[in-house]
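K.L.:
Residue numbers (the working numbering), protein chains in the order written: chain Z, 1276 to 1539; chain V, 25 to 339.
Questions regarding the structure given below will be posed in turn.
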Amino acid sequence: MIPMIQTAPSGRYRAKHVARSEIVKMVTLRSTAITVGFTIIASLLVTGLVTNAALHHGNRYYFAFDPTQESLVGLIVGCLTGGVFGALLITGEHSSGTIRTTLAATPRRGLLLATKIGVTAGAALVFFELLSFAAFFVGQVVLSAGGAPSAGLGSPGALRAVLMTGVFMALICLMSFGLGLIFRSTAAAIAAFAGVLFVLPLVMHAISEHDVRYLPTNILTNSITATVNQGQGVVSPGVGLGLMAVYAAIALGAGAVLFAKRDA
Amino acid sequence: MITAHSLTKRYGAATAVADLTFEVLPGSVTGFLGPNGSGKSTTMRMIMGLDLPDSGSALIGGKLYSELAWPLREVGAVLDAKAFHPARTARNHLRWLALSNDIPLRRVDEVLDQVGLASVADRRAGKFSLGMSQRLGIAATLLGDPGVLIFDEPVNGLDPEGIRWLRHLLRDLATGGRTVFVSSHLISEMALTADRLVVIGRGRLIAETSVADFVARSGGAVKLVTPDPAAFSAVLSAAGATIGHRDDDARSLTVEGLTAPQIGDFGSRDGLRVHELTPITASLEDAFMELTRDEVEYRPSAGAAATASEREGRR
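What follows is the structure in structure tokens.
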């Protein structure tokens, strides 16, 4: 006989319990280490290559040169890996069946999803802010060592660009998480994500060139990371970040509605 | 205690569970028996709040699963042996589960030890055999020492030693006052493990009873061999029994409606000779076949190879 010893704490499970378990889940997956490691290496490598390519040009080249932008566009590759990371956090649960174990442990779906999104957002924000600063400094070191114009955090718009880049990348990650909620399958979610990010701009370019500026990758390269040159054909950084927040909210909202009512 | 009340679930035009009402009581092992595709897994998923019923309700201790204060301290369930991420180690799988319900982390090593997985605790669970996966699932159910345990086909993949171990575990849990609900299509396993049965076919309740009653209900007959079959038949028929005759042996009768002692007493009273008197107890399997004869959804056509369609389980 196994006697019953029922000693449950008072109250009920809350967001902090779900958050602790979600954090352990996140850090105990190999895919987390792989996507994080790859994102760091690829982003900084591209930053190095982009800034290196900006060296040793004639004076005309540096007429409207934006050292901040040069150092941050490398994060575009982080968009892809960050998106994969975001999608995997939820599709990995669905494809492995872990979602049923998760729902058995913490069945209030609203609380579960809100906490999961919170943990994902927090982790992505911290990570991408750090990466964004790292890319900025790596880029500036390459530029100044090569004798090209460089910027500091005190340069006009530079700190704003670096901080917003981190936020933007976290939103990319959340949008991808939302697509993962909608599609549940890793392949479908990543296909949809890559489609929105990298294929839609090409299609849009052919249909209505004017509206390409409203798409995530263009917002990142032309609005968020730029500190000079913000011409007519580009949305402002604030509007760009707002739009990205709306895109992420749409994906998360649709995913949340489906998650709440779908059989697990 | 688990209570299902008028539970109904449809998938498109197909009705998986229809107006199912039953109770699973504490202190005993209740077997959930039914052919493949009869709705056992769907019912368990609805109890767990994973699938939402189209109508009716399933309650645990009077509450919906989603209303439980500390779900893992109240219910432990294995609905799917592989419901963990393959890249995570067994210990890490149990760690996040423990944290989600504020269960002390020392329980992780305790339950790993209890199910015999201590030596492979830091191996990736994706590398586990089906039997080891079942043990990991069982470890997760024990983590919060819950009063209600739900297992969907837990013996699948277990070796004979594992099956024996599980059988004892289920009995021990029930004797401790817990509610233990175990589904199976293996009738012989249920005969050894369960005290009570909930039997369904095509999503409908067929029987809710004790194992003993279930077997008795399908009727016990007595085989009688006598050199005086005609006279004996007349006496027993007069006493209200139904007599069956065998074509190949006129001396052998099958008597229903009277017990072996009663038949022997009649023989002694009337001077009729008895050469053999054998009670034929129906097995649980016979009883099950008898009751679900019309309820089996997937049946091989005559002469065709018996390839059982498996609609239960993961979709």
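Don't be surprised by glycine CBs; every beta carbon is placed ideally from N, CA and C.
This structure is a prediction, so every number in the text was calculated from the model and none was measured.
Would A37 (chain V) and T66 (chain V) qualify as a contact pair, given that the criterion is a beta-carbon distance under 8 angstroms?
P.N.:
Counting from 1 along the second sequence, the entry for residue 37 (chain V) is found at position 13. Counting from 1 along the second sequence, the entry for residue 66 (chain V) is found at position 42. No, these two residues do not count as a Cβ contact at 8 angstroms.
K.L.:
Quick check on A40 (chain V) - is its C-beta less than 8 angstroms from some C-beta in chain Z?
P.N.:
Within the second sequence, residue 40 (chain V) is the residue found at index 16, counting from 1. Answer no: the Cβ-Cβ gap between A40 (chain V) and chain Z never drops below 8 angstroms.
K.L.:
I want to verify the contact list: residues of chain V whose CB lies under 7 angstroms from the CB of R1295 (chain Z), in sequence order.
P.N.:
Sequence index remark: in the first sequence, residue 1295 (chain Z) carries index 20 (1-based). Result: L123.
K.L.:
I1277 (chain Z) versus chain V: which residues are under 7 angstroms apart at the beta carbon?
P.N.:
By 1-based counting over the first sequence, the position of residue 1277 (chain Z) is 2. Correct list: D196, L197 and G200.
K.L.:
A274 (chain V) by DSSP, collapsed to three states: which one?
P.N.:
Within the second sequence, residue 274 (chain V) is the residue found at index 250, counting from 1. Coil, per DSSP.
K.L.:
Report the three-state DSSP secondary structure of F1412 (chain Z) (helix, strand or coil).
P.N.:
To locate residue 1412 (chain Z), count along the first sequence from 1; it is residue 137. It is helical.
K.L.:
For D273 (chain V), count neighbouring C-beta atoms within 10 Å of its own C-beta (all shown protein chains included) and say buried if the count is 16 or more, exposed if not.
P.N.:
Taking the second sequence and counting its residues from 1, one reaches residue 273 (chain V) at position 249. It counts as exposed.
K.L.:
When the cut-off is 8 angstroms and only beta carbons count, does V1299 (chain Z) lie next to chain V?
P.N.:
By 1-based counting over the first sequence, the position of residue 1299 (chain Z) is 24. Answer yes: the Cβ-Cβ gap between V1299 (chain Z) and chain V drops below 8 angstroms somewhere.
K.L.:
Taking Cβ-Cβ distances shorter than 7 angstroms, what residues in chain V pair up with R1375 (chain Z)?
P.N.:
On the first sequence, residue 1375 (chain Z) is found 100 positions in, with the first residue counted as 1. In chain order: L74, L103, D104 and A107.
K.L.:
Would you identify the three-state DSSP class for D133 (chain V), choosing helix, strand or coil?
P.N.:
Within the second sequence, the letter at position 109 stands for residue 133 (chain V). Helix, per DSSP.
K.L.:
Are A105 (chain V) and G181 (chain V) touching if we call contact CB-CB under 8 angstroms?
P.N.:
Residue 105 (chain V) sits at position 81 when you count from the first residue of the second sequence. Residue 181 (chain V) sits at position 157 when you count from the first residue of the second sequence. Yes. Within cutoff.
K.L.:
Between which two residues does the beta strand (DSSP E) carrying D1538 (chain Z) extend?
P.N.:
Taking the first residue of the first sequence as 1, we reach residue 1538 (chain Z) at position 263. It is not in any beta strand (DSSP E) - D1538 (chain Z) carries neither H nor E in the DSSP assignment.
K.L.:
So with CB distances below 8 angstroms, who are the chain V contacts of L1553 (chain Z)?
P.N.:
Coverage of chain Z is limited to positions 1276 through 1539, which leaves residue 1553 (chain Z) absent and any answer about it impossible.
K.L.:
Taking the DSSP output, what are the residues bridged to V303 (chain V)?
P.N.:
Counted from its first residue, the second sequence places residue 303 (chain V) at position 279. Going by the sequence as given, residue 303 (chain V) is Pro instead of Val. In the DSSP output, where bridge partners are listed per residue, P303 (chain V) has V:V246.
K.L.:
For the segment 1416-1425 of chain Z and the segment 1367-1374 of chain Z, state whether three or more C-beta atom pairs, one from each stretch, are separated by less than 8 angstroms.
P.N.:
Contact fails: fewer than three Cβ-Cβ distances are below 8 angstroms.
K.L.:
Where do the N-terminal and C-terminal ends of the beta strand (DSSP E) with G100 (chain V) fall, by residue?
P.N.:
The residue you call residue 100 (chain V) lines up with position 76 of the second sequence. Looking at the DSSP string, the run of the beta strand (DSSP E) that includes G100 (chain V) is V99 to V102.
K.L.:
Report, in whole angstroms, the separation of the C-beta atoms of V223 (chain V) and L57 (chain V), which I expect to be a contact under 8 angstroms.
P.N.:
Locating residue 223 (chain V) in the second sequence gives position 199, where the first residue counts as 1. Locating residue 57 (chain V) in the second sequence gives position 33, where the first residue counts as 1. Right, their Cβ atoms sit about 5 angstroms apart.
K.L.:
Using a Cβ-Cβ cut-off of 7 angstroms (strictly less than) and excluding sequence neighbours within five positions of H73 (chain V), which residues of its own chain qualify?
P.N.:
On the second sequence, position 49 is the one that residue 73 (chain V) refers to. A small correction: the amino acid at residue 73 (chain V) is Gly; His does not occupy that position in the sequence shown. Here the set comprises L88, Y89 and S90.
K.L.:
Does DSSP classify T283 (chain V) as helix, strand or coil?
P.N.:
For the purposes of this step, residue 283 (chain V) is taken as residue 259 along the second sequence, with counting starting at 1. Looking at T283 (chain V) - three-state DSSP - the assignment turns out to be coil, as it is neither helix nor strand.
K.L.:
Tell me the DSSP bridge mates of I84 (chain V)?
P.N.:
If you number the second sequence from 1, residue 84 (chain V) lands on position 60. DSSP lists V:I26 and V:K87 as partners of I84 (chain V).
K.L.:
Please list the partners that A93 (chain V) has in chain Z, where partner means a Cβ-to-Cβ separation under 8 angstroms.
P.N.:
The residue given as residue 93 (chain V) occupies position 69 in the second sequence. By Cβ distance, chain Z contributes A1283, G1286, R1287 and Y1288.
K.L.:
Find the residues of chain V that neighbour G1367 (chain Z), judging by a C-beta separation of less than 7 angstroms, and give them in chain order.
P.N.:
In the first sequence, residue 1367 (chain Z) corresponds to position 92, counting from 1. Those are H109, listed as they occur along chain V.
K.L.:
Identify the continuous alpha helix (DSSP H) that holds V48 (chain V) and give its terminal residues.
P.N.:
Here residue 48 (chain V) is taken as the residue at index 24 of the second sequence, counted from 1. Looking at the DSSP string, V48 (chain V) is not in any alpha helix (DSSP H); the run it does join, the beta strand (DSSP E), is A38 to V48.
K.L.:
Between R1488 (chain Z) and the ligand HEM, is the CB less than 7 angstroms from at least one heavy atom?
P.N.:
The model on display carries no ligand, and the ligand HEM is accordingly not part of it.
K.L.:
Does the beta carbon of R112 (chain V) sit closer than 8 angstroms to a beta carbon anywhere in chain Z?
P.N.:
Here the question's residue 112 (chain V) lines up with position 88 in the second sequence. Yes, R112 (chain V) counts as interfacial toward chain Z.
K.L.:
Which residues of the segment 1328-1355 of chain Z have a Cβ closer than 7 angstroms to any Cβ of chain V? Give them in chain order.
P.N.:
Result list empty, no residue passes.
K.L.:
Within a Cβ cutoff of 8 angstroms, which residues of the same chain sit near G1528 (chain Z), ignoring the five residues on either side of it in sequence?
P.N.:
Here residue 1528 (chain Z) refers to the residue found at position 253 when the first sequence is read from its first residue. Taken in chain order, the residues that qualify are G1453.
K.L.:
Just to make sure I have the definition right: I need the residues of chain V whose C-beta is within less than 7 angstroms of the C-beta of L1304 (chain Z). Which are they?
P.N.:
Here residue 1304 (chain Z) is taken as the residue at index 29 of the first sequence, counted from 1. Neighbours of L1304 (chain Z) on chain V, chain order: H109, A111 and R112.
K.L.:
What would DSSP say about G195 (chain V), mapped onto helix, strand or coil?
P.N.:
Along the second sequence, read from residue 1 onward, the residue named residue 195 (chain V) stands at position 171. The question names Gly, yet the displayed sequence has Arg at residue 195 (chain V). It is helical.
K.L.:
Compute the Euclidean distance between the alpha carbons of T54 (chain V) and L136 (chain V), then round it to the nearest angstrom.
P.N.:
Mapped onto the second sequence, residue 54 (chain V) falls at position 30. Mapped onto the second sequence, residue 136 (chain V) falls at position 112. Taking the straight line from one Cα to the other gives about 25 angstroms.
K.L.:
Considering T66 (chain V), what are the terminal residues of the alpha helix (DSSP H) in which it resides?
P.N.:
Mapped onto the second sequence, residue 66 (chain V) falls at position 42. K64 to I71 is the extent of the alpha helix (DSSP H) around T66 (chain V).
K.L.:
Starting from S79 (chain V), follow its DSSP beta bridges and name the residues at the other end.
P.N.:
By one-based count along the second sequence, residue 79 (chain V) stands at place 55. Looking at the DSSP assignment, S79 (chain V) forms a beta bridge with V:T32.
K.L.:
Note down, in chain order, each residue of its chain lying with its Cβ closer than 7 angstroms to the Cβ of L190 (chain V), except the 5 sequence neighbours on either side.
P.N.:
In the second sequence, the residue the question calls residue 190 (chain V) occupies position 166. Same-chain partners within the cutoff: P178, V179 and L182.
K.L.:
Between W189 (chain V) and chain C, is the shortest Cβ-Cβ distance under 8 angstroms, so that the two count as touching?
P.N.:
No chain C is part of this structure, whose protein chains are labelled Z and V.
K.L.:
Run through chain Z and tell me which residues come within less than 8 angstroms of L341 (chain V), C-beta to C-beta.
P.N.:
Past the edges of chain V, shown from 25 to 339, lies residue 341 (chain V), and the structure says nothing about it.
K.L.:
Under the rule that 16 or more other beta-carbon atoms within 10 Å means buried, what is H117 (chain V), buried or exposed?
P.N.:
Numbered from 1 along the second sequence, position 93 holds the residue referred to as residue 117 (chain V). It counts as buried.
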